[in-house]
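Numbering (the numbering used here), first residue to last: 194 to 743.
The block underneath contains the structure these notes are about, expressed in structure tokens.
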């Protein structure tokens, strides 16, 4: 049977990894296939309208999106037939997520996608991996856009940093509770009641007793927290604050303290490209919890992703935008290099997606209940700095036209997607007082900024009675609603008046942001993006019947 390369599927071993033999042919695994969607041109037009900065009266409902833009049943049948021929079992079909999960052995998948799977070892451990492209039979060409999970290397890292003192009393000098930060950033009075915040986690877990103790200490009603399993991921605390538990607890406690009235759904998935994509699409298309905001504090440099995985995640964010879901993503904790050796600049993905709200980091100091100073987070002593720079993957969005970057004393025009969009306190020295695995500690990193912004938006959504949704274009039209950060650098890029590649447009002034969003004119959604085609057909048929009777 004729086979062709799957575009964007090329993969290379992790730097420093070496192949130590073939993968066990009898090893069983699950692989996620991302399929094309219907209505491509119509969805593209809808997203272009959103990118123009016009705020519409309503967003598409999840059920409507699935009906109009989900996978065609014929494509699902094609993949089922392919799986049957290769002895692969269909574990999951989800038309809205455009995902089919197949189960089988290494030998079966190797033959199905004409790939050789090997075992690799590196300094941090081992993984099942591959090099080169994947291949598809002719009947799946154009139908399957990504094949994820054959390689199970760790795809992302958590963007949090413990205070250099480690686990310590919460009252560390210079630290803040999330409640204090909400006050300093002038968050509007609201508890986010009626909203749901989704949090994506790729490991670790939380202990309900810790959450109860923490929120009680803040004098805040504990939010409802629900763990959602994705690809067999689960709430599995490791007992170590400097491990993934630190990320999970930080995210829940920051978002929950800022918006205790909002429900919190935590989507646990394996730390692989398949797990990451599946967790995001599960949150975006969740018709039970229906989150209006998603917080993501995991990522890695764009160069460490396959193009197929980048496209799959960005399209998931596009779906979120169409349905009025805001996606807040940490921009990274390793400055302008994003932790990649070689001296070049890198930005973190998925924060670099133009459909995500990239969240950078600052160092904040307060006096008398007000912000005394705020500058770029760049802590040479601990080696951390807010991520930011210019994407090498995504072109310049319309709403970033005309911006500039300051690097090495020179100012140049921004040519591709610039990161981040916004920022907030992230320096561990001025970090967040939280509780992890039975101990009080202080944590910083841009990981804290994503749930902080998610909590703010849950408050705003509750006050407005409708979701802000894809807000990047609106933010760039209302830059004065943020605190402009003009001091410091994240390595190669310097803070300047206006947008910069360290702190974006600035940190939140919640009251000003709410006022700006309420003042933005609302336009009725165009018929083509608000009414399903089936209804148009019914209307035409009714009109034709009336003409026939007359």
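Glycine included, every Cβ here is placed at the ideal spot set by N, Cα and C.
Residue i versus the options, residue with shortest Cα-Cα distance
| i | options | result |
| --- | --- | --- |
| residue 332 | 668, 483, 441, 196 | 196 |
| residue 346 | 289, 685, 498, 288 | 498 |
| residue 354 | 578, 511, 563 | 578 |
| residue 657 | 251, 410, 218 | 251 |
| residue 593 | 599, 614, 604 | 614 |
| residue 440 | 534, 676, 399 | 399 |
| residue 560 | 374, 279, 488 | 374 |
| residue 404 | 684, 667, 628 | 628 |
| residue 670 | 709, 681, 649 | 709 |
| residue 516 | 393, 408, 662, 530 | 662 |
| residue 247 | 689, 619, 591, 632 | 591 |
| residue 818 | 199, 713, 617, 496 | Because the chain spans 194 through 743 in this model, residue 818 falls outside it and cannot be assessed. |
| residue 697 | 703, 687, 705, 706 | 687 |
| residue 336 | 263, 323, 408, 406 | 263 |
| residue 660 | 259, 288, 389 | 389 |
| residue 139 | 444, 466, 465 | Absent from the model: residue 139. The displayed extent of the chain is 194 to 743, so no value can be given. |
Environment of residue i [buried if 16+ CB atoms lie within 10 Å]
| i | result |
| --- | --- |
| residue 213 | exposed |
| residue 208 | exposed |
| residue 451 | buried |
| residue 386 | exposed |
| residue 233 | exposed |
| residue 736 | Annotation note: pLDDT 43 at residue 736 (below 50); position unreliable, no value reported. |
| residue 721 | Below a pLDDT of 50, predicted positions are generally treated as unreliable, and residue 721, at 48, falls in that range; the measurement from the model is reported next regardless. Residue 721 is exposed by the Cβ-count criterion. |
| residue 277 | exposed |
| residue 339 | buried |
| residue 210 | buried |
| residue 664 | buried |
| residue 274 | exposed |
| residue 509 | buried |
| residue 220 | exposed |
| residue 637 | buried |
| residue 738 | At residue 738 the pLDDT is 46, less than 50, meaning the model places this residue with poor confidence and gives no usable figure here. |
| residue 180 | Nothing can be reported for residue 180, as the shown portion of the chain is limited to 194 through 743. |
| residue 701 | buried |
| residue 605 | exposed |
| residue 371 | buried |
| residue 362 | The predicted model places residue 362 with a pLDDT of 44, which falls under 50 and marks its position as unreliable, so this point remains unresolved. |
| residue 205 | exposed |
| residue 690 | exposed |
| residue 758 | As shown, the chain starts at 194 and ends at 743. That puts residue 758 outside it, with no answer to give. |
| residue 715 | exposed |
| residue 608 | exposed |
Whether residue i touches residue j by CB criterion (8 Å)
| i | j | result |
| --- | --- | --- |
| residue 527 | residue 468 | no |
| residue 491 | residue 611 | no |
| residue 416 | residue 653 | no |
| residue 303 | residue 501 | no |
| residue 428 | residue 420 | yes |
| residue 518 | residue 549 | no |
| residue 437 | residue 396 | yes |
| residue 477 | residue 448 | no |
| residue 487 | residue 520 | yes |
| residue 350 | residue 493 | yes |
| residue 626 | residue 639 | no |
| residue 674 | residue 705 | yes |
| residue 567 | residue 367 | no |
| residue 538 | residue 530 | yes |
Where the beta strand (DSSP E) containing residue i begins and where it ends
| i | result |
| --- | --- |
| residue 584 | 582 to 588 |
| residue 222 | 221 to 228 |
| residue 653 | From DSSP, residue 653 is part of no beta strand (DSSP E) but of the alpha helix (DSSP H) over 642 to 657. |
| residue 305 | Residue 305 -> not in any beta strand (DSSP E); alpha helix (DSSP H) instead, spanning 299 to 305. |
| residue 197 | 196 to 198 |
| residue 338 | 337 to 341 |
| residue 558 | 550 to 560 |
| residue 814 | What is shown of the chain runs 194 to 743, which leaves residue 814 out entirely. |
| residue 472 | Unbroken run through residue 472 is the alpha helix (DSSP H), 466 to 477; no beta strand (DSSP E). |
| residue 320 | 318 to 322 |
| residue 568 | 563 to 569 |
| residue 372 | Not the beta strand (DSSP E): residue 372 falls in the alpha helix (DSSP H), residues 371 to 377. |
| residue 617 | 615 to 618 |
| residue 788 | Nothing can be reported for residue 788, as the shown portion of the chain is limited to 194 through 743. |
Residue span of the alpha helix (DSSP H) that contains residue i, given as start and end
| i | result |
| --- | --- |
| residue 442 | 437 to 451 |
| residue 270 | 266 to 278 |
| residue 233 | 233 to 244 |
| residue 666 | 665 to 670 |
| residue 290 | Here residue 290 belongs to no alpha helix (DSSP H), and DSSP marks it neither H nor E. |
| residue 329 | That residue, residue 329, is in no alpha helix (DSSP H); its beta strand (DSSP E) goes 328 to 330. |
Legend entry - Ordered list of beta strand (DSSP E) runs contained in the segment 483 to 516, each at least 3 residues: 486 to 489, 491 to 494
Legend entry - Ranges of the beta strand (DSSP E) found wholly within the segment 389 to 417, counting only runs of at least 3: 389 to 394
Inset, instruction - Could you name each continuous beta strand (DSSP E) segment of 3 residues or more that falls completely within the segment 516 to 552, going from the start of the chain to the end? - result: 519 to 523
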